[in-house]
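Novice: Can you keep this structure in mind? I'll have questions shortly.
Number of protein chains: 2
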Amino acid sequence: MSAATEATVTNDPAGPRAVVLLSGGLDSATVLAMARAAGRRCHALSVDYGQRHRCELEAAARIAVRLGACEHRVITLDYGQLGGSALTDPAIAVPDTPGTGIPVTYVPARNTVMLALALGYAEVVDAAEIHIGVNAVDYSGYPDCRPEFVAAFERLAALATRAGVEGHPLHVVAPLIDLSKAEIIRRGSALGVDYAATVSCYAPDDAARACGVCDACRLRRDGFAAAGLADPTTYRARD
Amino acid sequence: MSAATEATVTNDPAGPRAVVLLSGGLDSATVLAMARAAGRRCHALSVDYGQRHRCELEAAARIAVRLGACEHRVITLDYGQLGGSALTDPAIAVPDTPGTGIPVTYVPARNTVMLALALGYAEVVDAAEIHIGVNAVDYSGYPDCRPEFVAAFERLAALATRAGVEGHPLHVVAPLIDLSKAEIIRRGSALGVDYAATVSCYAPDDAARACGVCDACRLRRDGFAAAGLADPTTYRARD
Chain A
850 MSAATEATVT NDPAGPRAVV LLSGGLDSAT VLAMARAAGR RCHALSVDYG
900 QRHRCELEAA ARIAVRLGAC EHRVITLDYG QLGGSALTDP AIAVPDTPGT
950 GIPVTYVPAR NTVMLALALG YAEVVDAAEI HIGVNAVDYS GYPDCRPEFV
1000 AAFERLAALA TRAGVEGHPL HVVAPLIDLS KAEIIRRGSA LGVDYAATVS
1050 CYAPDDAARA CGVCDACRLR RDGFAAAGLA DPTTYRARD
Chain B
850 MSAATEATVT NDPAGPRAVV LLSGGLDSAT VLAMARAAGR RCHALSVDYG
900 QRHRCELEAA ARIAVRLGAC EHRVITLDYG QLGGSALTDP AIAVPDTPGT
950 GIPVTYVPAR NTVMLALALG YAEVVDAAEI HIGVNAVDYS GYPDCRPEFV
1000 AAFERLAALA TRAGVEGHPL HVVAPLIDLS KAEIIRRGSA LGVDYAATVS
1050 CYAPDDAARA CGVCDACRLR RDGFAAAGLA DPTTYRARD
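Listed in order, the protein sequences are those of chains A and B. The C-terminal residue of the first sequence carries number 1088 in the numbering used here, and the numbering is unbroken. The C-terminal residue of the second sequence carries number 1088 in the numbering used here, and the numbering is unbroken.
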């Protein structure tokens, strides 16, 4: 089966069920396309956790439909009040130059929370898999993007749920974990992902135009360049 | 130091910081009292996840103040829309007779979600411990109340956070895990917990009066009887 054919797989009501964490960004859109191509019946889950870049959630809704998720749910989590991240706390500025170590855009325990919510959703819809777009290459400063974190969550899930207790442990699928941004973009493009519909920028404007200078924009732009593909992102003019 | 003296320990600004998950029920109130008696500076965390028994949250606020938490935060999580539990889904009745296996009052992945949120809070306030009132004796039907689940979460936390990466793994303290309800009540009473302020019932009325017949009420009533202590719970009249 060619990659292009894979992208046209339709929803199989009898296919294995998977919960796919969908942020509206480039990575999670690619994960959804890969899960659909692998014949999964995909229950897309987005979390409205007070992120500044709320147009991501609108992007997630569009992507879920275009890529054939069987449903898309948004859980609202009033997480911003904990503070501690430039992505939820207006008092912390999004940096426009790269830093070292763990970036201020790190959201405390975000992937642990996302996977926990996905685990609850998986229990309700009886899914045996959670698919998540974590990536250890670009986000080496984030502890919860590493393979050992994903493996530890899978061990936790086996002990945490009805299914696990009954001998059907849940699998956490992280297909992007060791791919470069260019490789991710190539895979998604081959599967027909329209990256113009995705939002990566940490500080987009009201029209969802990207700033072009934050870490996420830089990674994305460099990724398209390295993949040898045209960057479909709409960038806004800078002062 | 006697137990009665321990209960009067005041907040030490320099004491070790702990996040204490506080539902407003009997168990978590006891956990907070134990953590305070052990000299912890307690950051109480409640989660408004759409539970039917919302007067629990009001109880949590009162208990946090009375037992000397240094702060109390409530995170709102729109979790009920996932469905799947009698505690959040109005379409599922709370049973008034005991069942077998995992009860319908089980909330999907609840303790995984609670611990994940507590982990985020612990990162923000730089706490090295999360205290949680899970109990494997009374809640043997809940997979996420077992010691192996708690241990797995601790392993996950060591990999998930800045502190873990920097060599300061977080500890999950579950002091009630192998205690009977009577033992929990005896410990809390010795520490001065006013159980009249706590709400255990799965289906209290608007005045926070307990039904007296759900699993939670039955466990609580039997616990006071077995402890040889007066039950301060206000029960409503039954038809």
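Even glycine gets a Cβ: it sits at the ideal position worked out from N, Cα and C.
Residue range of the beta strand (DSSP E) that T869(B) falls in?
Specialist: On the second sequence, position 20 is the one that residue 869(B) refers to. Checking the displayed sequence, the identity of residue 869(B) turns out to be Val instead of Thr. From DSSP, the beta strand (DSSP E) with V869(B) extends over R866 to L870.
Novice: Report the residue from I912(A), A1023(A) and D1064(A) whose alpha carbon sits nearest the alpha carbon of L964(A).
Specialist: Your numbering for residue 964(A) matches position 115 in the first sequence. The shortest Cα separation from L964(A) among I912(A), A1023(A) and D1064(A) belongs to A1023(A).
Novice: For chain A, is any of its Cβ atoms less than 9 Å away from the one on F1002(B)?
Specialist: Translated into positions along the second sequence, residue 1002(B) becomes position 153. Chain A, which has a Cβ nearer than 9 Å to the Cβ of F1002(B), makes this yes.
Novice: Suppose you measure from the CA of G888(A) to the CA of R866(A); what does that come to, to the nearest Å?
Specialist: Along the first sequence, read from residue 1 onward, the residue named residue 888(A) stands at position 39. Along the first sequence, read from residue 1 onward, the residue named residue 866(A) stands at position 17. Approximately 9 Å between the Cα atoms of the pair.
Novice: So which residues on chain A does P957(B) lean against when the C-beta distance must stay under 9 Å?
Specialist: For this step, residue 957(B) is matched to residue 108 along the second sequence. L968, G969, Y970, A971, E972, V973, T1010 and R1011, listed in chain order.
Novice: Considering only DSSP beta bridges, list what Y898(B) is partnered with.
Specialist: Within the second sequence, numbered from 1, the residue matching residue 898(B) stands at position 49. Note: Y898(B) sits in no beta bridge, so no partner.
Novice: Interface residues of chain B around E997(A) at Cβ under 8 Å?
Specialist: The residue given as residue 997(A) occupies position 148 in the first sequence. Under the 8 Å cutoff, chain B gives L1008.
Novice: Does any CB atom of chain A fall closer than 9 Å to the CB of Y928(B)?
Specialist: For the purposes of this step, residue 928(B) is taken as the residue at position 79 of the second sequence. It does: the Cβ of Y928(B) has a partner Cβ on chain A nearer than 9 Å.
Novice: For I924(B), would you say it is in contact with chain A, using Cβ-to-Cβ distances shorter than 9 Å as the test?
Specialist: Taking the second sequence and counting its residues from 1, the one referred to as residue 924(B) is at position 75. Chain A contact via Cβ: present.
Novice: With a CB to CB cut of under 7 Å and the five nearest residues on each side skipped, what residues in its chain are close to D1054(B)?
Specialist: As a position in the second sequence, residue 1054(B) is number 205, starting the count at 1. Answer for D1054(B): R1085, listed in chain order.
Novice: From the DSSP output, in three-state form, read off C994(A) for me.
Specialist: For this step, residue 994(A) is matched to residue 145 along the first sequence. Three-state DSSP puts C994(A) in a helix.
Novice: Using a threshold of 8 Å, is the CB atom of L881(B) nearer than that to any non-hydrogen atom of the ligand SAM?
Specialist: Ligands are entirely absent from the displayed structure, and the ligand SAM is therefore not among its contents.
Novice: Please list the terminal residues of the continuous alpha helix (DSSP H) segment that includes I1034(B).
Specialist: The count along the second sequence starts at 1 and reaches residue 1034(B) at position 185. Element bounds for I1034(B): K1030 to A1039.
Novice: Check whether the Cβ atoms of I912(B) and A1046(B) lie closer than 9 Å to each other.
Specialist: Along the second sequence, one-based indexing puts residue 912(B) at 63. Along the second sequence, one-based indexing puts residue 1046(B) at 197. In contact: I912(B) and A1046(B) (Cβ atoms closer than 9 Å).
Novice: Contact defined as beta carbons within less than 8 Å: I believe S895(B) pairs with L881(B). What is the distance between those atoms, to the nearest angstrom?
Specialist: Here the question's residue 895(B) lines up with position 46 in the second sequence. Here the question's residue 881(B) lines up with position 32 in the second sequence. Not confirmed; about 11 Å, so no contact.
Novice: Under 7 Å between beta-carbons, which chain B residues line up against A965(A)? List them in chain order, please.
Specialist: As a working note, residue 965(A) is residue 116 in the first sequence. Chain B residues near A965(A): A958, T961, V962 and A965.
Novice: Does the separation of the CB atoms of C1066(B) and S1049(B) fall below 9 Å?
Specialist: Walking along the second sequence from the start, residue 1066(B) turns up at place 217. Walking along the second sequence from the start, residue 1049(B) turns up at place 200. Yes, they are a contact pair.
Novice: In whole angstroms, what is the alpha-carbon distance linking G1041(A) and R890(B)?
Specialist: Taking the first residue of the first sequence as position 1, residue 1041(A) is located at position 192. Taking the first residue of the second sequence as position 1, residue 890(B) is located at position 41. Taking the straight line joining both Cα atoms gives about 53 Å.
Novice: Pick helix, strand or coil for Y1044(A), following the three-state DSSP scheme.
Specialist: Along the first sequence, one-based indexing puts residue 1044(A) at 195. Y1044(A): helix per DSSP, three-state reduction.
Novice: Taking C-alpha atoms, which residue in L1008(B), P957(B), A958(B) and G1061(B) lies nearest to H1089(B)?
Specialist: Since the displayed chain B opens at 850 and closes at 1088, residue 1089(B) lies outside it and no answer follows.
Novice: Starting from L926(A), follow its DSSP beta bridges and name the residues at the other end.
Specialist: For the purposes of this step, residue 926(A) is taken as residue 77 along the first sequence, with counting starting at 1. Beta-bridge pairing links L926(A) to L926(B).
Novice: If contact means a Cβ-Cβ distance below 7 Å, which residues of the segment 866-882 of chain B contact chain A?
Specialist: Answer set for the segment 866-882 of chain B: empty.
Novice: What would DSSP say about Y1051(A), mapped onto helix, strand or coil?
Specialist: Indexing the first sequence from 1 puts residue 1051(A) at position 202. In this structure, Y1051(A) counts as coil in the three-state DSSP scheme.
Novice: Cα-Cα, which of Y991(A), P1018(A), G1016(A) and D987(A) is closest to E1032(A)?
Specialist: Numbered from 1 along the first sequence, position 183 holds the residue referred to as residue 1032(A). Nearest option by C-alpha distance: D987(A).
Novice: Roughly how many angstroms lie between the CA atoms of A884(B) and A863(A), to the nearest whole one?
Specialist: Counted from its first residue, the second sequence places residue 884(B) at position 35. Counted from its first residue, the first sequence places residue 863(A) at position 14. A884(B) and A863(A): Cα-Cα distance of roughly 50 Å.
Novice: Considering only the alpha carbon of each residue, which of T961(B), A1052(B), R1070(B) and A976(B) lies closest to K1030(B)?
Specialist: The residue labelled residue 1030(B) in the question sits at position 181 within the second sequence. The candidate whose alpha carbon is nearest that of K1030(B) is R1070(B).
Novice: Residues of chain B with a CB under 9 Å from the CB of L906(A): which are they?
Specialist: Position 57 of the first sequence holds residue 906(A). Within 9 Å Cβ-Cβ: nothing; L906(A) doesn't reach chain B, min ~13 Å.
Novice: Figure out for me which residue from C1063(A), T1083(A), Y1051(A) and R1036(A) has the closest Cα to the Cα of G1077(A).
Specialist: Locating residue 1077(A) in the first sequence gives position 228, where the first residue counts as 1. Of the listed residues, the one whose Cα sits closest to G1077(A) is R1036(A).
Novice: State yes or no: is the beta carbon of P992(A) nearer than 9 Å to at least one beta carbon in chain B?
Specialist: For the purposes of this step, residue 992(A) is taken as the residue at position 143 of the first sequence. P992(A) counts as touching chain B.
Novice: Could one say the Cβ of L1005(A) lies closer than 9 Å to chain B's Cβ atoms, at least one of them?
Specialist: Taking the first residue of the first sequence as 1, we reach residue 1005(A) at position 156. Yes, contact with chain B.
Novice: What does the alpha-carbon distance come out to for the pair A908(A) and G873(A)?
Specialist: Taking the first sequence and counting its residues from 1, one reaches residue 908(A) at position 59. Taking the first sequence and counting its residues from 1, one reaches residue 873(A) at position 24. For A908(A) and G873(A), the distance between alpha carbons rounds to 5 Å.
Novice: Determine the DSSP secondary structure at V983(B), reduced to helix, strand or coil.
Specialist: The count along the second sequence starts at 1 and reaches residue 983(B) at position 134. Residue state, collapsed to three classes: coil.
Novice: Would you please verify whether the beta carbon of L1078(B) is less than 9 Å from any beta carbon of chain A?
Specialist: As a working mapping, residue 1078(B) is identified with position 229 in the second sequence. No, no contact with chain A.
Novice: Could you check which residue in C919(B), D897(B), R995(B) and A918(B) has the C-alpha nearest to that of L926(B)?
Specialist: As a working note, residue 926(B) is residue 77 in the second sequence. Ranking the options by Cα distance to L926(B), first place goes to D897(B).
Novice: So, is the C-beta of M850(B) closer than 9 Å to a C-beta in chain A?
Specialist: Indexing the second sequence from 1 puts residue 850(B) at position 1. Because M850(B) carries a pLDDT of 32, less than 50, the predicted location of this residue cannot be relied on, and no value is offered for it.
Novice: Output, in chain order, the set of chain B residues within a Cβ distance shorter than 9 Å of F1019(A).
Specialist: For the purposes of this step, residue 1019(A) is taken as residue 170 along the first sequence, with counting starting at 1. According to the sequence displayed, residue 1019(A) carries Leu and not Phe. Here the premise fails: no neighbours, minimum Cβ distance about 10 Å.
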